[in-house]
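Asks: Dropping the structure in here first, questions after.
Numbering (mature numbering (1 follows the signal peptide of the UniProt record, and there is no 0)), first residue to last: -23 to -1, 1 to 314.
Shown next, in the form of structure tokens:
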């Protein structure tokens, strides 16, 4: 009997001392659960606010999760990176997103946004490498394959661009943006008929698609050498790419609209990457228009050009391609929850 009383007493003492420990553990778990719930809610609010350009609302929501309990989560760093990205603070945004990825290597949204920053910085090789990792994390997202394909296109890795863009179309069959870059890729490879097929499907679905229409005019001229037919596809000269400007200038020239041809070709002729054909063509246009003085000035401009401008020309061409690429990127702030 005495032994039983001693055992009960010992159990009582143990229970007395362990109860605060249990309470502390339960309190800690409760705090973590509540923090995660709050973080999920705030995350949705911040990302939705950023999507709609409500930056003040996003900042207000961000202030709600500044206690230490939230800062250990990768989502905290992702949200911080997203806010910094929206302010174009690229370096700080990269640091924050890399912190999120260090805590959670499979953080899809952080990986995707990190690639976007590299693209905005004209660092397309880094963007490509990052989006390769994003596609490994989430292999069935057509938009991720599209951005990767676009990066390959900018980097002139055309075969891999075709693979990625076709993968994008595998998961989103009517993705016109992917078809457009695919058509551009085929044109760079001189596979004009394939480009025509892609552009035809875009214009069947969306006859007012300006970029597809402009490219189709280029294709028609290359295949049929019909300048009048090509010009029917020209919708807005101000948004023409430099390759298309060359083609449409040639079309105007062939139907004797020399002034229109000169207006289109002028920025190409004076650019660092104008070749001898572009320069002689432009000189011919000036003479046909009776602009003898301008033709003389342009001739002297050509003579003064450095013979070692190939690197400058390539850099300029790359910057133009990069600017075009940024306009074509799929961009979306991604929700985790």
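All residues carry an ideal CB built from backbone N, CA and C; glycine is no exception.
1. In chain order, what residues of the same chain lie with their CB nearer than 7 Å to the CB of residue 145, ignoring the 5 residues before and after it?
2. What alpha helix (DSSP H) runs, 4 residues minimum, are completely inside the stretch 98 to 132?
3. Find the nearest neighbour of residue 56 within the set 197, 22, 157, judged by alpha-carbon distance.
4. Would residue 115 pass as a contact of residue 129 if the rule is Cβ separation under 7 Å?
5. Are three or more beta carbon pairs between the stretch 206 to 224 and the stretch 176 to 192 nearer than 8 Å?
6. Quick check: residue 226 and residue 238, are their CB atoms within less than 7 Å of each other?
7. Cutting at 7 Å between CB atoms, please list the residues of its own chain near residue 27, excluding the five before and the five after it.
8. Examine the Cβ distances between the stretch 248 to 262 and the stretch 270 to 278 and report whether three or more of them are shorter than 8 Å.
9. From residue 200 to residue 169, what does the alpha carbon distance come to, in whole angstroms?
10. Just the C-alpha distance for residue 94 and residue 61, rounded to the nearest angstrom, thanks.
11. Out of 244, 159, 25, state which residue places its alpha-carbon closest to the alpha-carbon of residue 137.
12. Quick check on the DSSP output: the alpha helix (DSSP H) that includes residue 168 runs from which residue to which?
13. Spatial neighbours of residue 1 within its chain, please: CB distance less than 8 Å, with the 5 preceding and 5 following residues excluded, ordered by chain position.
14. By the DSSP assignment, the alpha helix (DSSP H) with residue 134 in it spans what residues?
15. How many whole angstroms separate the CB atoms of residue 196 and residue 172, which I take to be in contact at a CB cut-off of 8 Å?
16. Starting from residue 232 and walking both ways along the alpha helix (DSSP H), at which residues does that stretch end?
17. Could you please give the first and the last residue of the uninterrupted alpha helix (DSSP H) stretch that includes residue 218?
18. Following the continuous alpha helix (DSSP H) through residue 195, name the residue where it begins and the one where it ends.
19. Here's a check: name, in chain order, each residue in its chain whose Cβ is nearer than 8 Å to the Cβ of residue 285, leaving out the five neighbours to either side.
20. Identify the continuous alpha helix (DSSP H) that holds residue 308 and give its terminal residues.
21. Please return the same chain residues whose Cβ sits closer than 8 Å to the Cβ of residue 308, not counting the five positions on each side in sequence.
22. State buried or exposed for residue 329, treating a residue as buried only when at least 16 other CB atoms are found within 10 Å of its CB.
23. Taking a contact to mean a Cβ-Cβ separation below 7 Å, would you say residue 131 touches residue 298 in this structure?
24. The alpha helix (DSSP H) spanning residue 274 covers which residue range?
25. How big is the Cα-Cα spacing for residue 254 and residue 235?
26. Give the single residue among 80, 243, 32 whose Cα lies nearest to the Cα of residue 52.
27. Let me know the secondary structure DSSP gives residue 207 once reduced to three states.
28. Helix, strand or coil: which one does DSSP assign to residue 58?
29. Give every residue of the same chain whose Cβ lies closer than 6 Å to the Cβ of residue 379, excluding the five residues on either side of it in the sequence, and list them in chain order.
30. Report the rounded CA-to-CA distance for residue 167 versus residue 161, giving the unit in angstroms.
31. Give the range of the alpha helix (DSSP H) segment to which residue 73 is assigned.
Replies: Taking the structure as given:
1. Indexing the chain shown from 1 puts residue 145 at position 168. Closer than 7 Å at the Cβ level, and outside the excluded window around residue 145, lie 119, 122, 123, 126, 152, 155.
2. Correct list: 101 to 114, 119 to 131.
3. The sequence position of residue 56 within the chain shown is 79, counting from 1. Answer by Cα proximity: 22.
4. In the chain shown, the residue the question calls residue 115 occupies position 138. In the chain shown, the residue the question calls residue 129 occupies position 152. Cβ atoms of residue 115 and residue 129: not closer than 7 Å.
5. Segment contact: the stretch 206 to 224 against the stretch 176 to 192, three or more CB-CB distances shorter than 8 Å; contact assigned.
6. For the purposes of this step, residue 226 is taken as the residue at position 249 of the chain shown. For the purposes of this step, residue 238 is taken as the residue at position 261 of the chain shown. Result yes, Cβ atoms of residue 226 and residue 238 sit closer than 7 Å.
7. On the chain shown, residue 27 is found 50 positions in, with the first residue counted as 1. The beta carbon of residue 27 sits closer than 7 Å to those of 35, 59, 63, 310, all from its chain and outside the five residues before and after it, given in chain order.
8. Contact between the stretch 248 to 262 and the stretch 270 to 278 is present: 3 or more CB-CB pairs across the two stretches fall below 8 Å.
9. Locating residue 200 in the chain shown gives position 223, counting from the first residue. Locating residue 169 in the chain shown gives position 192, counting from the first residue. The alpha-carbon atoms of residue 200 and residue 169 are separated by roughly 8 Å.
10. In the chain shown, the residue the question calls residue 94 occupies position 117. In the chain shown, the residue the question calls residue 61 occupies position 84. Distance between the alpha carbons of residue 94 and residue 61 is about 10 Å.
11. Taking the chain shown and counting its residues from 1, one reaches residue 137 at position 160. It is 159 whose Cα lies nearest to the Cα of residue 137.
12. By one-based count along the chain shown, residue 168 stands at place 191. Neither: residue 168 is in no alpha helix (DSSP H) and is coded neither H nor E.
13. Working through the chain shown from its first residue, we reach residue 1 at position 24. Because residue 1 carries a pLDDT of 49, less than 50, the predicted location of this residue cannot be relied on, and no value is offered for it.
14. Counting from one through the chain shown, the residue named residue 134 turns up at place 157. Counting along the chain, no alpha helix (DSSP H) covers residue 134, and no H or E run does either.
15. Locating residue 196 in the chain shown gives position 219, counting from the first residue. Locating residue 172 in the chain shown gives position 195, counting from the first residue. Distance from residue 196 to residue 172 at the Cβ level is roughly 6 Å; contact confirmed, criterion being Cβ atoms closer than 8 Å.
16. Walking along the chain shown from the start, residue 232 turns up at place 255. Looking at the DSSP string, residue 232 is not in any alpha helix (DSSP H), and its letter there is neither H nor E.
17. Walking along the chain shown from the start, residue 218 turns up at place 241. Segment: none, residue 218 is in no alpha helix (DSSP H) and carries neither H nor E.
18. The residue labelled residue 195 in the question sits at position 218 within the chain shown. Residue 195 -> alpha helix (DSSP H) spans 187 to 201.
19. Numbered from its first residue, the chain shown carries residue 285 at position 308. In this prediction, residue 285 scores a pLDDT of 48, lower than 50, which makes its location untrustworthy; the coordinate-derived value is nonetheless stated afterwards. Taken in chain order, the list of residues that qualify is empty.
20. Looking up residue 308 in the chain shown gives position 331. No alpha helix (DSSP H) contains residue 308, which DSSP labels as neither H nor E.
21. Taking the chain shown and counting its residues from 1, one reaches residue 308 at position 331. If we look at residue 308 and ignore the five residues flanking it on each side, its Cβ neighbours are 93.
22. Because residue 329 is not part of the residues shown, which for the chain are -23 to 314, the question remains open.
23. Stepping through the chain shown from its first residue, residue 131 is reached at position 154. Stepping through the chain shown from its first residue, residue 298 is reached at position 321. Going by C-beta atoms, residue 131 is nearer than 7 Å to residue 298.
24. Stepping through the chain shown from its first residue, residue 274 is reached at position 297. From DSSP, the alpha helix (DSSP H) with residue 274 extends over 269 to 281.
25. Within the chain shown, residue 254 is the residue found at index 277, counting from 1. Within the chain shown, residue 235 is the residue found at index 258, counting from 1. In this structure, the CA atom of residue 254 is about 17 Å from the CA atom of residue 235.
26. As a working mapping, residue 52 is identified with position 75 in the chain shown. It is 80.
27. In the chain shown, residue 207 corresponds to position 230, counting from 1. Reduced to three states, the DSSP call for residue 207 is helix.
28. Start at 1 with the first residue of the chain shown, and residue 58 comes out as number 81. Residue 58 falls in the helix class under three-state DSSP.
29. Because the chain spans -23 through 314 in this model, residue 379 falls outside it and cannot be assessed.
30. In the chain shown, residue 167 corresponds to position 190, counting from 1. In the chain shown, residue 161 corresponds to position 184, counting from 1. Taking the straight line joining both Cα atoms gives about 10 Å.
31. As a first step, residue 73 must be located in the chain shown, where it is residue number 96. That run of the alpha helix (DSSP H) goes 67 to 80.
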